[in-house]
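In this text, residue positions in the sequence shown follow the UniProt record's numbering: the first is 1, and each later residue adds one. From the three backbone atoms N, C-alpha and C, an ideal C-beta is built for every residue, glycine too. Note that the coordinates shown come from a computational prediction; the quantities given were computed from them, not determined experimentally. Down below is the structure, laid out as structure tokens.
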Amino acid sequence: MKRSNTTNALRKTSGTHTTTSTRPASAAAHRTNSALPRTGSRSALAARPVSVTHEDDDEDSSSSSILPNKRKGMLPPIVESFALVLHQPHISDRTASYASVLSRVPSDGGSPTPLPSAPSPKKFSFSASRNISLSTAFRTLSLSSNNSDSRSTSVSSTQQEEPLCPKTPSQIPKLKPVPKTPRPPETDLQIFKTPHTKYTVHNASPGKITYLNRNSNTPAPAWDTKGRLEDMETLYSQLKTQLDSAATEKTGMEEGISIYKARISEMEQIRLQLSTANQTLTSELTETKVKLSSVNAQLDDMKRSHSFEIDDLRRKNRNDVEDAKDDHRKELERLQREARDELDRVKKDAQEEAERANKTRREEVAEKERELRAELEEERSRRLREVQELTSQFSMQKLTADNDVTQKDRELQTLRSELNEVKANLESSNALNTNLKEKLTEASTNTLTLETSMRAMKAKIDFLESDNQAQSQAFQDLNQQMLDAQAVAAEAKEKLRQEETLRRKLHNQVQELKGNIRVFCRVRPTLGDEETKKAELAFPDAETDSKEVVVQGPDQKSAMGTVTKANNNFSFDRVFGPGSQNGEIFDEISQLVQSALDGYNVCIFCYGQTGSGKTYTMSSPDGMIPSAVTQIYETAKSLEDKGWTYSMEGSFVEVYNETVNDLLGKAEDWNNKKHEIRQDPVKLKTTITDVTTVDLDSPTRVNAILDQANRNRRVAATQANSRSSRSHSVFILRLIGENTMTGERSEGTLNLVDLAGSERLAHSQVSGDRLKETQNINKSLSCLGDVISALGSGKDAKHIPYRNSKLTYLLQYSLGGNSKTLMFVMVSPLQAHLSETLTSLKFATKVHNTHIGTAKRQAKVKD
């Protein structure tokens, strides 16, 4: 059993072994008929080698199938000599052992390592004198005789039990020695190899096992220990060679793995560097987006402000041209009417003189008529020339403004296209960052596979390096584009500042063409049950220019007893009917408020009888004072982008019985404090001593001031009005602007005056203090009319009676040629107030026909 185990161990180590032996012809002829298949030629079957394959899994089944019939007492034959041929086992794809396959497959996926070449077969000879039992022979050996013409038979044995042996050596039969026959050289050491097939080939019909008996002398194989040891040493050397080669390959693979690990660590460092760079680029892109969003917001604000200004300029120029045309047309018509009236008068005089004088006087009259007609034609042609000149000037200004608008539109289109390019570059950069992140993720996952990641990772690193360079270049281009956009924006801001200066100049030219003193008329609506007491007022051009109002006068009885009513026509710069709102009125005076911001003195005052709506127009929540302050704050904020900063301070005083009182101070101090009015003829500036001045930092602050002033202002009930203002209130707003970019500085003053109501003593029916108040009110209003008349007559400033009243003295520089003045004449719609209405309208007509000098701007440039 020990030898059998050794045989099995050798078989497991070396795979499948095939041995071939040669038998004598006589012995082969004795037993082959029962061992070989019956088909085919006998000589062919004898010469065919039969391969028998033994596997560990089929050992038990093979042994049971090969030895089905053991003969009791039959001894195996003993041969005198035989040849043993060992072949290198062939390792097929299906029967190769795990160790041999593992040794040929490298861990790095390369080509298999070839097995060492098979050694040449060895031949061993045994003599019969050794008397070795067949039970100790290898079961996988194939026996062949030394005769060259013998047939070869492969016998396979897998017996687990040893065959029966003779009890004593004397029982072993003695055979005669067989002479050795030399083998031919061509058949010596013939090797039978297993063909390369995918399946194990088994003997279809294994031959019968040969036993020794008295009738046979078949030689049996003997045990050759030396040969087997040499074979084992050969196999061991082969295995050692394979193990050495496997160890060498293992060392190489370990070195490759260490190289791969080092490369992986390098790539991990590169990945960390790329990740850090990516985060830096992301933060820079975020900052760029924030800057671009701010630039976009600024450009949108600039565009919106520019469009508003352009619309205002167009509307103002159009209105100015139309107003100028209407003014000249009306002036021409007035001159024609005056000429016709004068002509009629001359004709009438000529007829009277013709009755007294004769034909000579008629000729003189005719000559005078011709002279007047010539003068009329000359005056008409002169007026027409002036109209044409003004029209051409306005056309040139309009053309210049249109060209500027077109140029600004082109610049805005250029800025918009540049912004679109910047946005496109940002989107491209974001796409590159996204692509970079995806490829970094792929690179981190591909590092887990050592066999296929080497070339792919190298290619990706090269790609990422080139992509990073492209991204850096794109970011530089984007930065340059952003700098270019900022330069264009700065240039646009500079042009806007220049246009703001031009706008101010054109705006004030338009205001000067309209006249430095303008008159608006407003008719208040009826209240409650006043609808039945209305006077007859008409607005003939309400749908077009809205500049005329027709008032039907009181009944007049002639000497013949005929009762007639005269229609009184009045023309002003603008007439507002009873349905007008404060917002509509403020739209017309907003241009004068803008002039105050530009550095001019502006005065807006309401004139009219008591109860005509003066206080409502000036101090109501949506009146002129709150609306003007709101516009000033909004305009000042919009001009901050152009370098302008404004500071505003206000004061509120009243003129009561020719005394100046501070409405923002304490009422109990009015009798103790005396306020004086001081004029600075150099700076053309008016100041009031010991008056409270409040910094106006918000529109809500102005509302608080108005509430305080309304509480302190003197009001009283009269027969004409239950709450009549008994004083003239003046809201003084000083505007100081500085431009940090150009160094320009402007100082403007806005005076908003609410005059006390004019009323007749017979109608108001007052007495005592109210009588004194009414007398002082009427006196100051009369002085105001005298000052305006003096200004209209062209007198020197020294001969204008400003000092006749505290009111006119306070408004000296707001009524003269240094300011822009707007008068609101307030009219009551009631028939009971018709006489006061006609008086107010005639006074307003007198003011409207007054022409004062050109206003001057209070501005200078810092050194």
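- Contact between L838 and N568 holds, since their C-beta atoms are separated by about 6 Å, short of 8 Å.
- Ranking N804, R770, G792 and H799 by CA distance to the CA of S780 puts N804 first.
- Going by C-alpha positions, S245 is about 32 Å away from D224.
- Taken through DSSP and simplified to helix, strand or coil, Y656 comes out as strand.
- Counting the other CB atoms within 10 Å of its CB gives K408 a total of 16 or more, which places it among the buried residues.
- Between K534 and G553 the beta-carbon gap is near 15 Å, outside 8 Å, which marks them as no contact.
- One thing to note: D754 has its Cβ no nearer than 8 Å to the Cβ of S651.
- Counting the other CB atoms within 10 Å of its CB gives D598 a total of 16 or more, which places it among the buried residues.
- Our two residues, Y813 and T686, have alpha carbons roughly 7 Å apart in a direct line.
- For R726, there is no enclosing beta strand (DSSP E), since its DSSP letter is neither H nor E.
- Residue range N601 to G608 is occupied by the beta strand (DSSP E) that includes V602.
- Per DSSP, reduced to three states, the secondary structure at V691 is coil, with no helix or strand assignment.
- With a beta-carbon spacing of about 5 Å, N601 and T749 fall inside the 8 Å limit used to define contacts.
- For R745, the uninterrupted beta strand (DSSP E) segment begins and ends at E744 to D754.
- Put simply, the backbone Cα of E377 is about 10 Å away from that of Q336.
- Taking the C-beta atoms as reference points, A542 is found no nearer than 8 Å to V550.
- Comparing C-alpha distances from R713 to each of L664, E747 and M741 shows the shortest one belongs to L664.
- Burial check for I257: the Cβ neighbour count within 10 Å stays below 16, so the residue is exposed.
- Here M648 is buried: its Cβ has 16 or more other Cβ atoms, across all protein chains shown, within 10 Å.
- In the DSSP annotation of this structure, T740 is not part of any alpha helix (DSSP H), being labelled neither H nor E.
- Per DSSP, the unbroken alpha helix (DSSP H) holding P699 starts and ends at P699 to N712.
- Bounds of the alpha helix (DSSP H) holding S789 are D769 to S793.
- At the C-beta level, T288 and M482 come within 8 Å of one another.
- Contact between V295 and A596 fails: their C-beta atoms lie close to 33 Å from each other, not under 8 Å.
- By the neighbour-count definition (other C-beta atoms within 10 Å, threshold 16), M741 is an exposed residue.
- Sequence-distant Cβ neighbours of G583 in its own chain, meaning closer than 7 Å and more than five residues away, are D622.
- N568 carries a strand assignment under DSSP once its states are collapsed to helix, strand and coil.
- For R304, the three-state secondary structure derived from DSSP is helix.
- With contacts defined as CB atoms closer than 8 Å, E676 and H728 fail to qualify as a contacting pair.
- Counting only the Cα atoms, S789 lies some 8 Å from K846.
- DSSP places K820 inside the beta strand (DSSP E), whose first and last residues are S819 to V827.
- Straight-line spacing of the CA atoms in V682 and G737 works out to 20 Å.
- Given a length threshold of 3 residues, each whole run of the beta strand (DSSP E) inside the segment 619 to 683 is given here in chain order: 644 to 656, 659 to 662 and 677 to 680.
- Leaving aside the five residues that flank A628 on each side, the residues in its chain whose CB is nearer than 6 Å to its CB run, in chain order, V593.
- Cα atoms of R385 and E375: separation of roughly 15 Å, rounded to the nearest angstrom.
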